[in-house]
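Reviewing the structure listed below.
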Amino acid sequence: MSCPVPKDQQPLNEYVELKEAFFYRWAKLGRSQYLRMLLLIWLGFAIIFSPVAISIQSPSRHLWQFICVANIGGSVGLVLPVLLLLSGWGHVKQRLDSAKIFYEESGWYDGQTWEKPEADLAKDRLLVAYEIKPVIARLQKTLLGIIGFLSLSCVILKVFG
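Mind the numbering: the sequence shown is residues 0 to 160 in numbering that gives the first Met the number 0, read in order.
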């Protein structure tokens, strides 16, 4: 039985498109490149948030408080792209892992469901286990690290504030 799901809605094609997309492929970069990308995004948000930090704490008088406030802004800003990455990879994981695929033939009003053959389901689940779950685990660890960094900044701000 041939697959009735349109090419752009087939889970395997969605995975290929996601891993090649400019933003989403960052999650699959090598460790040093991935950390560099996170650092650059954090730094960008910290710089954007610096005027707010300056208005809250003067860097010349309260350097630690200023750094903590800027770090809080950078960390909160960094959480957003990581959540977006996690959402995209999670969506593709769910589509590949599912035995039934919901798709639309020509518009939002004509949704259908197709059940994957066992062989396709087994291949998709192997792909999930070896390619997607490590990416999701990395993103979850990143999110926990950011939350820990954010919490540490809040504690330091409280102690020095």
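For every residue, glycine included, the Cβ atom is placed at its ideal position computed from N, Cα and C.
Annotated three-state conformation of residue 13 is helix, per DSSP. Annotated as proximal: residue 53 and residue 65, with beta-carbon spacing under 8 Å. When C-alpha distances from residue 110 are compared across 7, 100 and 118, the shortest belongs to 100. Burial is judged here by how many other beta carbons sit within 10 angstroms of a residue's own beta carbon; residue 77 has at least 16 and is buried. Counting C-beta pairs with one atom in each stretch, the stretch 115-129 and the stretch 69-84 have fewer than three that are closer than 8 Å, which means they do not touch. The C-beta of residue 82 has fewer than 16 other C-beta atoms within 10 Å across all chains shown, which makes the residue exposed. In the three-state DSSP reduction, residue 117 falls in the helix class (H, G or I). Just so you know, the alpha carbons of residue 56 and residue 62 end up roughly 8 Å apart.
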